[in-house]
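Read the structure below first, then the notes.
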Amino acid sequence: MAALIKDGIDCDIHPSVPSLAALLPYLDDYWREMVTTRGIDEFNSILYPAASPLTCRADWRPAQGKPASTLELVRAQALDPFGSSIAIANCLYGVQLLFSEDMAAAFARAVNTWMAREWLDREPRLRASIIVPTQNVEMAVDEIEHWAADKRFVQVLLLVMGDHPLGRRQYWPIYAAAERHGLAIGIHAGSNYHNPPTPIGWPSFYTEDYAGQANAFQSQLTSLICEGVFSKFPALKVVLLESGFTWLPAHLWRLTKFWRGLRMEVPWVDRAPAEIVRSNVRLSLRPIDAPPERDDLLRLFDHLQSDELLLFSTDYPHWQFDGMDAMPTGIPDALVRKIMIDNPLATYARLGVTHPATQ
Amino acid sequence: MNVQTRPQDSAPLTARSAMAIADCDIHPVLPSIATLYPYMTKQWRDYLATYGTSLRQGHQSGVNPYPKAQPNAARRDSWPPGGGAPGTDLDFIRRQHLDAHNIVLGICNPLTPSGQGLLNPGLSAAMCHANNEWQLHSLVTPEPRLRASIVVPYEHPEAAVAEIRRYAGNPAFAQVLLLGRTADLMGKFAYRPIFRAAVEAGLPVAVHAFGYSGQPITGSGWPSFYIEEMVGHAQAAQAQLISMVMEGLFEELPDLRIIMVEAGFAWLPALAWRLDTAWEKLRDETPHLTMRPSDYIRRHVWLTTQPMEEPEPRAHLRDTMNWIGMDRLLFATDYPHWDFDDPTQSMPLNLTPEERHALFLGNALALYRQG
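Here the protein sequences come in this chain order: E and V. Each residue of the first sequence is one higher than the one before, counting from 7 in my numbering. Each residue of the second sequence is one higher than the one before, counting from 22 in my numbering.
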């Protein structure tokens, strides 16, 4: 493994809501009552079955309770051992899966308030993403506005699969709000499962769903670029989280080829897709869907044609590597520093204020 | 890709490429729907005339949701001088394509209105059969360089199996043809009889881009643009391959050969690595698999090259082709479509003579057991 450097920025960790009961103090009276009256159950997504090996690395699984559900666990397993100066908490709780937009808005607010009170207030190394009710774009924008003044929120979190492709114009008010407030848009693996998670239908196996998430990232990148999101919001940073990145070069080759042939259909796409990605899109390091040979992985880094695209992540507590091997072997020191510090700082406008490297 | 930037002269069409070529994706087109009538019963002719061909999408024509970039998605110069639509005139196909490019083996992949994927399974079976008879009598018999595909009504597996058995052993047919977007993932047991029948017949199964699954064409709903549909064939193809591997299709049928047609190829290595990475951690979920996903892919999957990927620098494409295996790539032009790959111009790498031979001819001859 390549040595990790001090004061790295971990761009994808997953503190978890221990249970719906933990959110009760942050719901209004009506929704608190509804939880008990209606017997509302947990909002856990099928993308992370509780006992699945991927959902939590074996040595990170607590004897009791959900993985990564207490600050003590997150400090002891993620923040301290990797020496992170900052870690961005992306809470994956299935608020986006709901069909009622009112309910989604209430629970998104509860998750964000819980995150602010129980994590950010207590641990200065943590930053977080704003969970938004994508079921209703106006409500999503309201949620962004509600937290925008709190600089510990550095990003708006969306799932890679929802009701519609993310480039669609109906979502643009979310991007306008993010750009206005210097928030990145984080797109994380996962679906609201309102559509089958593949272009063909529902898979039989969890392994298919998880592996297929990369295809959804490919489709969303196509959508964001072709709809002209980055022409309209040139300062917007989009970060693909738990997406894998080894698919990116080949995807851009194909997208570029068709853009050359079909740009009459999308005339607002005024730069080659790879150029747009270099200026506006970043990807988290983990998971690495790597070839078995180290030399092939280094070739893939060449294919990316930029040392600015990748952001360090452990994806804690998901099982993406063992021990401290967060950074693959053979990566030159200068690139390690870019991935762990410089690239995250350049991506998340709100981090620079407090990071040691910028003081 | 065929982007015409200046007017072409009317020089005679002659063989510009001395090398013999196999073209694994040619699209002859029915001159008219009536061409099928001699091969259909009156019941289905009447049904067709009254109710037409309805697919798992709302437009009767089957193409309007994402209008193509060119009329009939065709090269501007592919309209036969004697009239008719591109791909309908065998003589013109010979002159403009087979002779001009020294195509010694051409695989026919009939598309709409082939009858594949229709809502009405009986009509689908009747039209697919008629398409097969049309290929046999009007294309492959008069033109021995061409081979037909067994077009099957894949949403009616029983009828699809019957159709495969009907032509098994007939050297005019080189493969079984499916479209890339089926109503459910192809690895599922419902489709298994089709693949078993193909193996019994000793034929590879080609999965050609397009078709309608009835689901949104991304995992996140319907995109807006034709460019997204075109790029997205790669995601549909990946979903199908993931399903085939994980459902154990290749485990059950070790002799099955799959050809992914017109969905790109450069995405394959990253998909295989991703599947391996996930499977290594989750292998207790799929105990019916006895090899790594990438091993199945290496053993069972071929891909056609059109539309050719063109990275800068070009050397990156060589890495990718090496990762896939140069023996698994099949040259294809997609004639007469607008995104045609010209055999003399579309290969962006300097291949060795051995590699050129394999990619442009040898791999196809071996796969299709020709010569």
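By construction, the Cβ of each residue, glycine as well, lies at the ideal position given by its N, Cα and C atoms. Being a predicted model, the structure only gives us computed values, none of them experimental.
Any idea what DSSP makes of residue i, helix, strand or coil?
| i | result |
| --- | --- |
| P374 of chain V | helix |
| S197 of chain E | strand |
| P21 of chain E | coil |
| W125 of chain E | helix |
| W359 of chain V | coil |
| A9 of chain E | coil |
| D321 of chain E | coil |
| V275 of chain E | coil |
| W100 of chain V | coil |
| W208 of chain E | coil |
| S290 of chain E | strand |
| I47 of chain V | strand |
| C149 of chain V | helix |
| A32 of chain V | Any answer about A32 of chain V is weak, because its pLDDT of 42 lies below 50 and its placement is not dependable; what the coordinates show is given next. Residue state, collapsed to three classes: coil. |
| L60 of chain E | coil |
| R115 of chain E | helix |
| L140 of chain V | coil |
| A27 of chain E | helix |
| L15 of chain V | Since the first residue shown for chain V is 22 and the last is 392, residue 15 of chain V is missing from the structure and cannot be characterised. |
| R305 of chain E | helix |
| I124 of chain V | strand |
Name the residue from the options whose alpha carbon lies nearest to the alpha carbon of residue i.
| i | options | result |
| --- | --- | --- |
| W265 of chain E | E:L289, E:G234 and E:S135 | E:G234 |
| I47 of chain V | V:A387, V:L372 and V:T354 | V:T354 |
| A155 of chain E | E:A183, E:L291 and E:S237 | E:A183 |
| H309 of chain V | V:E273, V:H118, V:N371 and V:L370 | V:E273 |
| L109 of chain V | V:Q81, V:S159, V:R349 and V:R304 | Residue identity check: residue 109 of chain V is Thr in the sequence provided, not Leu. For T109 of chain V, the nearest C-alpha among the options comes from V:S159. |
| E48 of chain E | E:L303, E:L26 and E:F307 | E:L26 |
| Q259 of chain V | V:R295, V:A195 and V:F271 | V:R295 |
| D382 of chain V | V:D348, V:F361, V:S367 and V:Y356 | In the sequence as displayed, the identity of residue 382 of chain V is Leu instead of Asp. Among V:D348, V:F361, V:S367 and V:Y356, the Cα nearest to that of L382 of chain V belongs to V:D348. |
| G401 of chain V | V:V282, V:E375, V:L111 and V:A195 | This structure does not reach residue 401 of chain V, given that chain V is present from 22 up to 392, and the question cannot be answered. |
| W323 of chain V | V:L126, V:P290 and V:R187 | V:P290 |
| L224 of chain V | V:F210, V:S245 and V:I280 | V:I280 |
| P102 of chain V | V:I114, V:R66, V:A227 and V:L69 | V:I114 |
| P165 of chain V | V:F286, V:P244 and V:I124 | V:I124 |
| Y68 of chain V | V:P107, V:V228, V:P192 and V:A55 | V:A55 |
| A90 of chain V | V:E376, V:H321, V:W359 and V:A195 | V:W359 |
| G285 of chain V | V:T341, V:L277 and V:S234 | V:T341 |
| E281 of chain E | E:S312, E:R300 and E:F223 | E:S312 |
| R335 of chain V | E:L98, E:P255 and E:S285 | E:P255 |
| V377 of chain E | E:L33, E:T42 and E:K72 | Because chain E in this structure spans residues 7 to 365, residue 377 of chain E falls outside the shown range and cannot be described. |
| N153 of chain V | V:P59, V:K63, V:I42 and V:D98 | V:P59 |
| A230 of chain V | V:H337, V:A121, V:A299 and V:T325 | V:T325 |
| L380 of chain V | V:F352, V:M40, V:L292 and V:P107 | V:F352 |
| F236 of chain E | E:A222, E:Q219 and E:V283 | E:V283 |
Determine, using beta carbons only, whether residue i and residue j come nearer to each other than 9 Å.
| i | j | result |
| --- | --- | --- |
| S91 of chain E | K157 of chain E | no |
| Y322 of chain E | W125 of chain E | no |
| P298 of chain E | L306 of chain E | no |
| R63 of chain E | W325 of chain E | yes |
| H20 of chain E | W288 of chain V | no |
| I136 of chain E | N118 of chain E | yes |
| G196 of chain E | L53 of chain E | yes |
| P55 of chain E | T61 of chain E | yes |
| L165 of chain E | H194 of chain E | yes |
| A219 of chain V | G190 of chain V | no |
| A340 of chain E | F88 of chain E | no |
| Q261 of chain V | G208 of chain V | yes |
Counting contacts by CB-CB distance shorter than 9 Å, is residue i in contact with chain B?
| i | result |
| --- | --- |
| F211 of chain E | Protein chains E and V are contained in the structure displayed, whereas chain B is not. |
Touch test, the region 218–238 of chain V against the region 232–241 of chain E, Cβ-Cβ under 8 Å, three pairs minimum: Segments in contact, no.
Kindly confirm or deny that the region 169–176 of chain V and the region 141–155 of chain V touch, where touching means at least three C-beta pairs closer than 8 Å. Touching, yes, given that three or more Cβ pairs across the two stretches are closer than 8 Å.
Count Cβ pairs between the region 195–213 of chain V and the region 198–215 of chain E that sit closer than 8 Å; are there 3 or more? With contact defined as three or more Cβ pairs closer than 8 Å, the region 195–213 of chain V and the region 198–215 of chain E are in contact.
My parser needs the beta strand (DSSP E) runs of 3 or more residues fully inside the region 213–288 of chain V; what are they? Restricting attention to beta strand (DSSP E) runs no shorter than 3 residues, the region 213–288 of chain V encloses them at 226–229 and 279–282, ordered along the chain.
contact_flag[the region 325–335 of chain V, the region 303–317 of chain V] where n(CB pairs < 8 Å) is 3 or more: Contact between the region 325–335 of chain V and the region 303–317 of chain V is absent, because fewer than three Cβ pairs lie under 8 Å.
Quick check: the region 266–274 of chain V against the region 210–226 of chain E, are at least 3 beta-carbon pairs closer than 8 Å? With the rule of 3 Cβ pairs closer than 8 Å, the region 210–226 of chain E counts as touching the region 266–274 of chain V.
Validate contact between the region 139–156 of chain E and the region 179–198 of chain E using beta carbons, cut 8 Å, 3 pairs: Touching, yes, given that three or more Cβ pairs across the two stretches are closer than 8 Å.
Are the region 180–193 of chain V and the region 208–220 of chain V touching, with three or more C-beta to C-beta distances below 8 Å? With a cut-off of 8 Å, the region 208–220 of chain V and the region 180–193 of chain V count as touching, because enough Cβ pairs lie within range.
Meets three-Cβ-pair contact criterion under 8 Å: the region 280–294 of chain E and the region 313–332 of chain E: Proximity of the region 280–294 of chain E to the region 313–332 of chain E meets the contact definition, three or more beta-carbon pairs being nearer than 8 Å.
Every unbroken alpha helix (DSSP H) inside the region 156–204 of chain E [4 residues or more]: Here the runs fully enclosed are 178–187.
Does the region 246–264 of chain V touch the region 259–279 of chain E, meaning 3 or more C-beta pairs lie closer than 8 Å? Yes, since at least three Cβ pairs between the region 259–279 of chain E and the region 246–264 of chain V fall closer than 8 Å, the two stretches touch.
Answer yes if the region 81–97 of chain V comes into contact with the region 363–373 of chain V, meaning at least three C-beta pairs across the two stretches below 8 Å, and no otherwise. No, the region 363–373 of chain V does not touch the region 81–97 of chain V.
Counting Cβ pairs closer than 8 Å, one from the region 349–360 of chain E and one from the region 333–352 of chain V, do we hit at least three? Fewer than three beta-carbon pairs drawn from the region 349–360 of chain E and the region 333–352 of chain V are found closer than 8 Å, and the two stretches are therefore not classed as touching.
Please go through the region 292–373 of chain V and give each complete beta strand (DSSP E) segment of 3 or more residues, from N-terminal end onward. The qualifying runs are 322–325.
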